[in-house]
Structure formats: structure tokens, C-alpha cells
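If you read the sequences in order, they're chains A and B.
Its first residue numbered 1, the first sequence is counted upward by one per residue in this note's numbering.
Its first residue numbered 1001, the second sequence is counted upward by one per residue in this note's numbering.
No residue lacks a Cβ here, since even glycine has one placed at the ideal position from N, Cα and C.
The structure presented is a predicted model; accordingly, all values stated were derived computationally and were not measured.
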Amino acid sequence: MKTRIALMAAAVSAVICGAQSASADDLTLCWAAWDPANALVELSKDFEAESGHTMSFEFVPWPNFADRMLNELNSGGQLCDLMIGDSQWIGGSAESGHYIKLNDFFEAEGITMDDFIPATVTGYSEWPKGTPNYWALPAFGDVVGWTYRKDWFEMPELQAEFKDTYGRDLAVPETLDELKDIAEFFQGREIDGKTVYGAAIYTERGSEGITMGVTNALYNYGLTYGTPDEPYKLEGIVNAPEVAKGLEFYKALYDCCVPPGSSDWYMSENIDAYKSGQVALQMNFAFIWPGVEADPNVGGGKSGYFPNPAGPDGHFAQLGGQGISVVSYSDSQDAALEYIKWFAQPEIQAKWWELGGYSALKAVVEDPDFATSQPYAQTFLDSMAIVKDFWAEPSYASLLLAMQDRVHDYVIAGNGTAQEALDGLVEDWTEVFEDDGKM
Amino acid sequence: MSNSAIERAAAATPPNIARRVRGLSDRAIAWIFVAPSIFLLLAVNIFPLIWTIRLSFTNYRVNRPNAEVEWVGLRNYQRILTDEDIWETMQATAHFLFWTIALQVVIGFALAWLINKKFRGDNFWTTIIVLPMMLSPAVVGNFWTFLYQPQIGLFNYVVGFFSGTDPSSFSMIGEVSLAPWAIVIVDTWMWTPFVMLICLAGLRSIPTSIYEAAECDRASPWRQFWTITVPMVLPFLMLAVLFRGIENFKMFDLVVQLTGGGPGSTTELTSINLKREAFEKWRTGYASAYAIILFVTVFGLASIYVKALNKVKER
């Protein structure tokens, strides 16, 4: 009897395994090579176990990510079945047919965009913006924020000196001017026998770095991309005198308060400078915060986090993050959609957050315990409430590179004035939109 | 022995094939052998060139396969030639070309002259000197960024040590006035050995009898250098300049790793700028026109130079 049961069990499992392997696909997910990608590999093991599909990953370092992956998409490559592409790619990828439209799939599977943080839906999923046309599921919420050396801020002698100098407590800055004061205060100071510097900010020229940094100042000095009535109106908006003041602020911050040699720094250089104890403040995307907390030098309570401070004309922060899309050239679209369906589940999203991924699902971030679940959780929520994103037009790359050139030329190389840099930017952007037939 | 092998092969050739081959003229047989190479050349070089010329008159973008392609005439060329930013990249390239070639020729020739003196351990020193050119440009660019680091870089430390300045007070790749020189220094460090090797070949090709005859005529070493060494090495030197000129005109990897074209656009050479237009902004038509302009420039200059080189060789 026992033998018969064992044989039957073996036969049943053989049939199940056979059925699974018959429909099992090998899915390749493409993303940037960074800490959250490692967390996703871990998370995806559950999907492999549940679905029988196997997952492969193609991760490319950030400076080459856009080059590599946009080449892949533009050439109709079949390397990636799933793409966690940058938010700015959504327009081009939708219009060029690189991603499949997900509306019908969402409707059939009961996935609603109302369940996600609105800013991430607009930023990562919609094209055209503000319309219910979805090309991605919000996968990783991210935003530029600040990390600071809480242990240095708490040193009594520094607190006293700061109060004497600036007439207020050495505390988390609420405005950009306060932030600059703090950076200036720490610049060149000796702490624990080491010379330290004020702030590590984005200055990278080759990809998107300085734009992702400078917009945190420009938005708060009034930068908008067009107006609600005229989405491509640039003259007098992008180069308004108050926006030029924002650019001057960023240059002043660069001139006064960064470590020597930081003329081409982006995410990884800022992390290195902060973790090695070179700087008191670090501008960076929120994805780094779990790594900071776990770091033996600066983690475990030595660091604090705060949203990008307000400026005279607003309080915003640069949106980062990405949505997950199905590549239209994939031969395994059904399995890829299955992955998205699995990924959208609240319990998977909760686990995603636990592993270090920033979920954009409201059920996760609005959980009463969320804000206290990590030291940076509240800052993440506060930051996500003030996000603004760069252009997501099909020509975003031309718009981005023009801004990289103009801003780097002024802030780092010191050529011309802020007003001239923005006037030049308006010329460049106008040319791009004219070429696109939008102006 | 070999004749018999040929005869055996001829005998083994089936009569119908032998008859067909016998019916072909020498010219036809030559074409049969040359045709694959010509086909390859047409497919790999000439067709892309013609296609690029065609694209340069359009607004084609490779990332917009669904968009309508418009014929824009000379607009791309006009935009490029009137764009101040492009002239700035041309200037940056000219600065890079002039100084790298000048320094490499002077130092390369001096090193070759020293090595040619035959001293104890000269082979060892030759090997040491040529090491940099054996490295990958990307690797060289990467590790020089560390050498140039104001806080930990060896270069800054050495400069600081000898000049008494604070090493962290200057940034070779972060300052507008220094960055163009930073890339010149690295390229010179890497490629001077190449010029040295070519010069060394030239120096060693000079028959010693000429020097012996000059000594009989009581010519001074200085006179020998200017009337024998320099003229006889000149064709080699000019060849080295041609190679380095063409290479540095299309310099990309080393500079991208070092400065990324910055600060601002200070070290954005034409090839970096072209790559950004073609594969980051995806302005394929515009980038094609840009590539054609660069091609004509290099081809024109190289042709004039080769004519001059031939004249020097004929002397």
C-alpha cells in the first residue's frame, strides 16, 4: 500500500514538474547595477519558486545604463523581457513601441494605479503625462534627499560654535540657505584628526548627474517645465531671473563647500565620500539609505536623513525611481506579465520594502508602522510628497544632455553667468522641440 | 619534388574543371581572387560611407523608427559649421593634437637617441619605457584619475612636494585651466614610447659608415646630428606624427575616462561630441553630417601630409 502511494505521489509530482517545465520561461530582467538590484534578485527567488520560471538579470552600472539599454531597445533587441527603465524613458519607449501598453492587463488582473503613490504613477507609468495610459508598473520609488552626520551635529563644541556664528542651533536645515551655512561651517574643519568638507553634491557631466542635482535648487527657486496651458513654453519660464538665482545658489554651494576634486561626482562618488568620513552632508537618491544605515563607519545611528530643503519659491525634490515594463520584442511576454502581476501583490511589495527596495504601493507606505520601520522611512515619505521630475519627452536625452552641458559649463567650469547658461539652455531646448514639431 | 606535386595536382583536377580554368584569362583569374576582398571592402567601408552621406541630408533618428524621415538639404552641415560649441570642441581637439604630438616627438626622439647609445641595461630600460603603450587606454584613464586626485593622488603629492603648494589646492581634471594639460600629460605618458620605437628604428637604419666618413671629415657631433641623424630619421618621425595625429584626432576612450569631456566642455574633443550627438541624443542625420565633416578634414589633412612625407623620402 505504502509503495503504491509512493508511486502515485511520484507520478503526480512528475506530471506537475512536467507541466511546469513545459510552460516555464527563462526571463531576463534588465536594470541598473546598484543595491536595490541585489534586493530584487533576492525577492525574485520567490517568484521562481512559485511560477517555475527562471530569472536571469542584466545589470549595468548607472553611468552606462541609459546608453546600453536604450541601444538595446532601439535595436529591437531581445535581451530583456522585463525592463526597469528610467522614468524619463517612458515617453520615447511608449512612442517608439519598445514597451507594451499595460492598461488591458491591469484591468484584467485587477491592478489599479489608484493603489500606488500618485507621483510615481505620473513619473514612472504614464505617457502622455496626466493621461490614463500606462506603460509600466511603479517598481521603485526614489527621490533625491540628504544624509548628514548626526554624530557630528551632536558634538557640543560644534553646536556651541555654530550657534555663536549663525545664531541658531546646528540642526537639520529647513531652507537651502541654511543648508549652505551648515556646509560652509564644516568645510575644511578638523574632526577626529581629519580634515572634513561640507557637502558632496552631484556634479557629474557625462550622463545625468549635475542635472539631477541642480534641479533640487532650481525647482525651489521657481523652475517649471512650461506652463499648464503652454507645456512647451520656455522663454521667461526656464530662464526667469529667479531661476538664475537658483543656479547661482548651486554654484555657490559648489564653490564653497565640496571636497577638492569633486568636479565629476555622482551617486557612487558621493557615497564613497560620505562613508569614508569626508563630508558632513551628502546629496543622493534615497536608495542609498539602507546601505548607509548598515555601514560600520556611518551607520547604526550616526547618520540622519532629511528631505531636500525649501527655497524662496517652493519646496520640491528631484524624482528618481523607475517603473517595470514588458519589452515588446520579448518572446516571453506572458511570463513577463506574470512577473508584474506577482510583483504588484501587497505582500510582495511589503517584502520588497523589507529587503531594501522602496515600494510605491500605498498599502505599504501608508501602513501605520511604515514611518517607524526604518530611520529613513519618514524622510522617504516626506520627500515623495514633494517630487518633481525632469522632462519625459521622447527627446529627453537631447534635453538632458543640453542641460548637462550648460549647467556644468557654468557651475563647474565657471564660464559665463547663470542667466547666460539658462538663456543658452532655452535656445537648445527650443531647437529640440522645433525639431520634434512641438513648437 | 615540388614540380611533381604540381603535376600530380594538375593530373588530379577533373577534366571539366581543368578545361574551364584553362579557358579563363589571367585578368579573370585575378578578379576571382580579388573579388571577395573588394566585396568586403564595399560592404564594410564604401556602403556605410555612402549611406552616411545620404543620412547626413536627412533628419533621421535611429531611435524613432516610426517617425517620418525628411530631406533637409544642407541644414545639418550649416548648423554644424555655425555652431560655436562645435568650434570649441575643434579648438580643444587642436590644442590636444598640437601639444601631444609636439611633446611626444621631442621626448620620443630624445629617448630613442639615448637608447641608441647602447649602454648597459638598455634593453631593460627599453622594455620599461614601452610598458605604458601596452596598457588599455580605459585602464590608463581610470588610474590617472586616481593619480590626479587632489587628496590622495600621487601626481598632486609630487607636484606639492617639489613646489611647496598644498596638493589639495589644485585639481588637474576639475579646473578649466589645468584639465586640457591633464589629458595631454597622460596621452604623452602613454604614447611617447610608440614615437620612440619608430625613431629608434630610424636611428638604427643609418649606416655607421656615414658617421665614420663624417668623422674623417672632422665634422663635429653637433654637425653630424643636424646633417646626418635628423634628415635620415625625418621620414620615420613624420610617419610617427601621421600615426599619432590620426589616432589623436579620434581620441575618445582615454579622455572620457579621465575627464568625461569636462569641466564644462573644456576637454570635449570632437569624437566625444560626435558620440554624444549620435548615440546619446540619437540625432543620426546630424551626427552623420558631423562625421562626414570630420572625415573630410582628416582625409584632406592626411593626404597633404602624405604628399609632404613622400617628398621628404625622395630627397
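- Taking one beta carbon from each stretch, the segment 342–354 of chain A and the segment 165–185 of chain A have fewer than 3 pairs nearer than 8 Å; the two do not touch.
- In summary, residue 1134 of chain B is exposed, with fewer than 16 beta-carbon neighbours lying within 10 Å of its beta-carbon over all protein chains present.
- Judged by their CB atoms, residue 368 of chain A and residue 305 of chain A are not nearer to each other than the 9 Å cut-off.
- Only those residues of the segment 1277–1308 of chain B whose C-beta falls short of 8 Å from the nearest C-beta of chain A are listed: 1279, 1280, 1281, 1282 and 1283.
- Fewer than three Cβ pairs drawn from the segment 1221–1231 of chain B and the segment 1172–1192 of chain B lie within less than 8 Å of each other, which leaves the two stretches out of contact.
- For residue 1198 of chain B, not one C-beta of chain A is nearer than 9 Å to its own C-beta.
- Annotation for residue 301 of chain A: no beta strand (DSSP E) segment contains it, and DSSP assigns it neither H nor E.
- Residue burial is scored here from C-beta neighbours: residue 80 of chain A has at least 16 other C-beta atoms within 10 angstroms and is therefore classed as buried.
- At a cut-off of 9 Å between C-beta atoms, residue 270 of chain A does not count as an interface residue with respect to chain B.
- When Cβ-Cβ separations below 9 Å define contact, residue 1078 of chain B makes no contact with chain A.
- Judged by beta-carbon spacing, residue 335 of chain A lies beyond the 9 Å limit of residue 46 of chain A, meaning their Cβ atoms are not closer than that value.
- Relative to residue 210 of chain A, the option among A:269, A:104, A:196 and A:187 whose CA is nearest is A:269.
- Residue 1059 of chain B belongs to the set of residues whose beta carbon lies under 9 Å from a beta carbon in chain A.
- Beta-carbon to beta-carbon, residue 401 of chain A and residue 88 of chain A are separated by about 12 Å, too far to satisfy the 8 Å threshold.
- Residue 106 of chain A and residue 135 of chain A have their C-alpha atoms roughly 10 Å apart.
- In this structure, the straight-line span from the alpha carbon of residue 1069 of chain B to that of residue 76 of chain A is close to 19 Å.
- When the five nearest sequence neighbours on each side are left out, the beta carbons in the same chain lying within less than 7 Å of the beta carbon of residue 58 of chain A are those of 28, 30, 79 and 80, in order along the chain.
- By the Cβ rule, the segment 280–299 of chain A does not count as touching the segment 63–70 of chain A, because fewer than three pairs are nearer than 8 Å.
- Taking C-beta separations shorter than 7 Å and ignoring five residues to either side along the sequence, the partners of residue 317 of chain A in its chain run 143, 144, 145, 216, 307, 308, 383, 386 and 387, following chain order.
- Residue 1265 of chain B is classed as buried because its beta carbon has at least 16 other beta carbons within 10 Å across all chains shown.
- Within the model, the alpha-carbon separation for residue 133 of chain A versus residue 287 of chain A is close to 27 Å.
- Within the segment 405–419 of chain A, contact with chain B at the beta-carbon level (separation under 7 Å) is assigned to 405, 408, 409, 412, 413, 414 and 415.
- When CB distances to chain B are screened at a threshold of 8 Å, the residues of the segment 78–100 of chain A falling below it are 92, 95, 96 and 97, in chain order.
- In this chain, residue 1170 of chain B is not harboured by any beta strand (DSSP E), its DSSP state being neither H nor E.
- With the rule of 3 Cβ pairs closer than 8 Å, the segment 274–293 of chain A does not count as touching the segment 111–121 of chain A.
- Proximity of the segment 1207–1215 of chain B to the segment 1113–1123 of chain B falls short of the contact definition, fewer than three beta-carbon pairs being nearer than 8 Å.
- Among the residues of chain A, those whose CB is under 9 Å from the CB of residue 1149 of chain B are 260 and 261, following chain order.
- Secondary structure of residue 175 of chain A (DSSP, three-state): strand.
- Chain A places a beta carbon closer than 9 Å to that of residue 1266 of chain B, counting this residue as a contact.
- The secondary-structure analysis by DSSP pairs residue 326 of chain A across a beta bridge with A:82.
- In chain order, 1276, 1280 and 1281 make up the part of chain B whose C-beta sits under 8 Å from the C-beta of residue 401 of chain A.
- For residue 67 of chain A, the C-beta contacts it makes with chain B under 9 Å involve 1279 and 1280, in order along the chain.
- Counting along the chain, residue 145 of chain A sits inside the beta strand (DSSP E) bounded by residues 144–149.
- For residue 1056 of chain B, not one C-beta of chain A is nearer than 9 Å to its own C-beta.
- Just measuring C-alpha positions, the residue of B:1286, B:1282, B:1257 and B:1233 sitting nearest residue 1313 of chain B is B:1233.
- Residue 427 of chain A and residue 314 of chain A have their C-alpha atoms some 25 Å from each other.
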